[in-house]
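Asker: Starting off with a structure, shown below.
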Amino acid sequence: MRRSIFAFTLTALAAGTALTALPVQATTPVAAATASDEAALAQFFADYDAAQLARSPIGKSYRGIIDADYGKWDDMSDAAEEQDYQADQAALAELRRRFDPARLSPESRLSYRLFEKKVERSAANYRYRDYGYVFDQMNGAQSQMPAFLINIHRVTSKSDAEAYVSRLVGLGTAMRQAIAQSRARADKGIMPPKWVYPYVLNDAQNVVAGYPFTTGGQDAPLYADIKAKVAKLAISEAEKADLLARAKTALLTSVKPAYAELVTEMERQQKLAGTNDGIWRFKDGAGYYAQLLKNYTTTDLNGDQIHALGLAQVARIHGEMQGIMKTTGFTGSLQDFFRFIREDPRFYAPNTEEGRALYLAETEKAKQQITALLPQYFGILPKAPLVVKRVEPFREKSAGKAFYQGPSPDGSRPGTYYANLYNMADMPLVEVDALFYHEGLPGHHLQRTIQTELTNVPPFRRFGGFTAYTEGWGLYSEKLAKDMGLYTDPYRDFGRLQLELHRAIRLVVDSGLHHKKWTREQAIKYVEDNSADAPGGIVKAIERYVVYPGQATAYMVGRLKMSELRDKAQKELGPKFDYRAFHDTVLKDGPVPLDVLEEQVNAWIASQK
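Every position in the sequence shown, counted from 1, becomes a number in my numbering once 26 is added.
So, in structure tokens, the structure goes:
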């Protein structure tokens, strides 16, 4: 729906359409299955992956691959998007021509069907390829391109540093492609609401603030980054000076003018942009939203059903919150308790460097507590390490409150949990634990690292994904930590429920904004009335749903299915139920649509009986 230089890695969080039910175990012998069929299919998927990577230098970098393309950016043109689409369609036709699912093993048959649905999803999304925003505060190229260089482009040799300089030189062309795409969409009326533009402009101006763009003061983010990376190289001082001089030239002659053009275009669009927030305002906006819901949730739930589900979950969680409120001895209404949590200073770290250090220390404490318990609940555990970091200053004003970046397959880059500590009033301490359990362990880091480390599945399954599964697992992990005996402080347990409520509210406000034509202000008011979210956090969240329609609905939909399946397994197996075996069943094949997950769990339950 939106081509991005980061589309390759973002597919790891992208959603898929629902699949027809697939058998997880063969009930009859596979018809004439041969080793040559299996080998040929594996080679087909490997060739497909290689062709994708050949078109995506960015994708290679996320995988940790360093080759002749290391200094390049992806082609962001419409022609490149068309090429990707046609390549997928040709690959699907070849798959169906060459392979008979009946001759494949159950595992290969699953890969066959998942690939079919991956390409079918791509085709369904392609219809709305011009509907996404190229520049916004969530995934805009203005911040993602420098963030990529800082966080993904590693420098361990002089040639790596030269590739970094090459990417600085090429950044101007890549940015201009993004600007041209944004301009063309704006001319068709596809642009974000007016309030988005100050965020984009602020990010853009931060990238080109500091040396060498200005004299005196701090180094600009990209110059500081390459300067620090070059300093660690075992090369001569003259070689280091030469690299930095070339980087400075690239920043001044390529990056600076490209960002100046970006600012000019964003200021032009800002004058034209409207104040309506939902995508219902676009031509066939209803069809676009329906496709997004199907895409992200892997279900056929429509806007009305999503909205009703959200209202029901909000009511349920409110009831559980009232129980915790009584445990703490608080007297008053639930709304009074919300106000108490939102306003009492004991629940927030100071908005100082000491306060930020405290927040990170509390996060590390949660990490240590959960890590010690993991072997009791998981047979498969991740090998890659996990680090905790602050969001970089140049993008922390617009970035979300917390997020995760997966490790590279070769082990050269760890998984990273980012906490946005720009304003500590937006990061209540009662949510520290649950936020880490979702993004880190046993949430995204555990699931996505296990997925990346799988050796028995094709690359498109190792590095692709379904949002309802991935984010459903993250939300499931928050509650799992309680089942593991954590959240002993009732206020931290309330923080867990607050984050769960946050995801239930998403169902209401996302469908409200994009289906029921709510305004941004209506959505903000609904959250204020029904949660203890910090005011700044509320605004950021609603602004996220405005520019990222549909995605936020996948969390609760996925979590409810996973909880439903575990409840079923525990009921049917009784004392034979084993957490480790259940979780390994959910994780061992990587992300799948929710109906396929149900098939897998049902087959496991039957095998345990």
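By construction, the Cβ of each residue, glycine as well, lies at the ideal position given by its N, Cα and C atoms.
Within the chosen definition, does the stretch 149–163 reach the stretch 205–215 through at least 3 CB pairs nearer than 8 Å?
Answerer: With a cut-off of 8 Å, the stretch 205–215 and the stretch 149–163 count as touching, because enough Cβ pairs lie within range.
Asker: With H, G and I counted as helix, E and B as strand and the rest as coil, what does DSSP make of residue 413?
Answerer: It is a strand residue.
Asker: Return the Cβ separation of residue 591 and residue 624 in integer angstroms, given the expectation that the two are a contact with Cβ distance under 8 Å.
Answerer: Sure, about 6 Å apart at Cβ, within 8 Å.
Asker: Near residue 389, what residues of its chain come up, given a Cβ to Cβ distance below 7 Å and the 5 sequence neighbours on each side ignored?
Answerer: Within the same chain, residue 389 has close Cβ partners 414, 445, 458 and 462.
Asker: Run through DSSP, which three-state label would residue 78 get?
Answerer: It is helical.
Asker: Tell whether a beta-carbon distance below 8 Å holds between residue 343 and residue 107.
Answerer: Contact flag unset, no.
Asker: Out of 87, 152, 204 and 492, which one is the CA nearest neighbour of residue 577?
Answerer: Among 87, 152, 204 and 492, the Cα nearest to that of residue 577 belongs to 492.
Asker: Per DSSP, what are the beta-bridge partners of residue 442 in this structure?
Answerer: Residue 442 is bridged to 413 and 431.
Asker: On a Cα-Cα basis, can you pick out the residue from 630, 620 and 582 that is closest to residue 604?
Answerer: The residue with the shortest Cα to Cα distance from residue 604 is 630.
Asker: Below 8 Å between beta carbons: does that hold for residue 193 and residue 90?
Answerer: Their beta carbons are not under 8 Å apart, which means residue 193 does not touch residue 90 by this criterion.
Asker: If we ignore side chains and look at the alpha-carbon of each, how far apart do residue 95 and residue 433 end up?
Answerer: Computed Cα separation, rounded: 20 Å.
Asker: Can you grab the Cα-Cα spacing for the pair residue 127 / residue 511, in whole Å?
Answerer: Cα-Cα distance, rounded: 45 Å.
Asker: Return the chain-ordered list of same chain residues with a C-beta closer than 7 Å to the C-beta of residue 609, the five sequence neighbours on each side being excluded.
Answerer: Around residue 609: 403 and 404.
Asker: Note down, one range per segment and in chain order, each alpha helix (DSSP H) of at least 4 residues found wholly within the stretch 529–590.
Answerer: Counting only runs of 4 or more, we get 546–556 and 561–573.
Asker: Can you tell me whether residue 418 is buried or exposed? The criterion is at least 16 other CB atoms within 10 Å of its CB, across all chains shown.
Answerer: With 16 or more Cβ atoms within 10 Å of its Cβ, residue 418 is classed as buried.
Asker: Confirm, please, whether the CB-CB distance from residue 441 to residue 392 is below 8 Å.
Answerer: Against a cut-off of 8 Å, the Cβ pair of residue 441 and residue 392 comes out as no contact.
Asker: Nearest-angstrom Cα distance between residue 486 and residue 70?
Answerer: Whole-angstrom Cα-Cα distance: 11 Å.
Asker: Locate the alpha helix (DSSP H) running through residue 109, then write down its first and last residues.
Answerer: Its alpha helix (DSSP H) spans residues 104–124.
Asker: Report the three-state DSSP secondary structure of residue 513 (helix, strand or coil).
Answerer: Residue 513 falls in the coil class under three-state DSSP.
Asker: Please name the residue in 396, 506 and 237 whose C-alpha comes closest to that of residue 589.
Answerer: Here the closest residue by C-alpha is 506.
Asker: Name the DSSP beta bridge partners of residue 237, please?
Answerer: Residue 237 pairs with 245.
Asker: According to the neighbour-count rule (16 or more other Cβ atoms, all chains shown, within 10 Å of its Cβ), is residue 301 buried or exposed?
Answerer: So residue 301 counts as exposed.
Asker: At the level of alpha carbons, what is the spacing between residue 49 and residue 68?
Answerer: With a pLDDT of only 33 at residue 49, under the threshold of 50, the placement of this residue in the model should not be trusted, and no figure is reported.
Asker: In three-state DSSP terms, what is residue 351?
Answerer: Residue 351 falls in the helix class under three-state DSSP.
Asker: Please report the straight-line C-alpha distance between residue 257 and residue 272, rounded to a whole angstrom.
Answerer: Distance between the alpha carbons of residue 257 and residue 272 is about 15 Å.
Asker: By a C-beta neighbour count over all protein chains shown, 10 Å radius and 16 as the cutoff for buried, is residue 482 buried or exposed?
Answerer: Result: exposed.
Asker: Smallest Cα separation from residue 309: which of 226, 225, 515 and 217?
Answerer: Per the Cα distances, 217.
Asker: Determine the closest residue to residue 380 out of 618, 540 and 447, with distance taken between C-alpha atoms.
Answerer: Among 618, 540 and 447, the Cα nearest to that of residue 380 is on 447.
Asker: Compute the beta-carbon to beta-carbon distance between residue 116 and residue 167, rounded to the nearest angstrom, for a pair I have assumed lies under 8 Å.
Answerer: Actually they are not in contact, since the Cβ atoms of residue 116 and residue 167 sit about 28 Å apart, beyond 8 Å.
Asker: Is it buried or exposed, residue 341, if we count other Cβ atoms within 10 angstroms and call 16 or more buried?
Answerer: So residue 341 counts as exposed.
Asker: Buried or exposed for residue 222, going by 16 or more other Cβ atoms inside 10 Å?
Answerer: With 16 or more other Cβ atoms within 10 Å, it is buried.
Asker: Are the Cβ atoms of residue 408 and residue 479 separated by less than 8 Å?
Answerer: A contact, by the Cβ cut-off of 8 Å.
Asker: Quick check on the burial criterion: 16 or more other C-beta atoms within 10 angstroms. Buried or exposed for residue 579?
Answerer: Buried is the call here.
Asker: Assess, as a yes-or-no matter, whether the stretch 546–556 is touched by the stretch 279–286 under the definition of 3 or more beta carbon pairs within less than 8 Å.
Answerer: Too few Cβ pairs lie closer than 8 Å, so no.
Asker: Taking the Cβ atom as the reference point for each residue, do residue 156 and residue 219 lie within a distance shorter than 8 Å?
Answerer: No; because the gap between Cβ atoms is not below 8 Å, this pair is not in contact.
Asker: Sort 148, 275, 497 and 235 by Cα distance to residue 616 and report the nearest one.
Answerer: Here the closest residue by C-alpha is 497.
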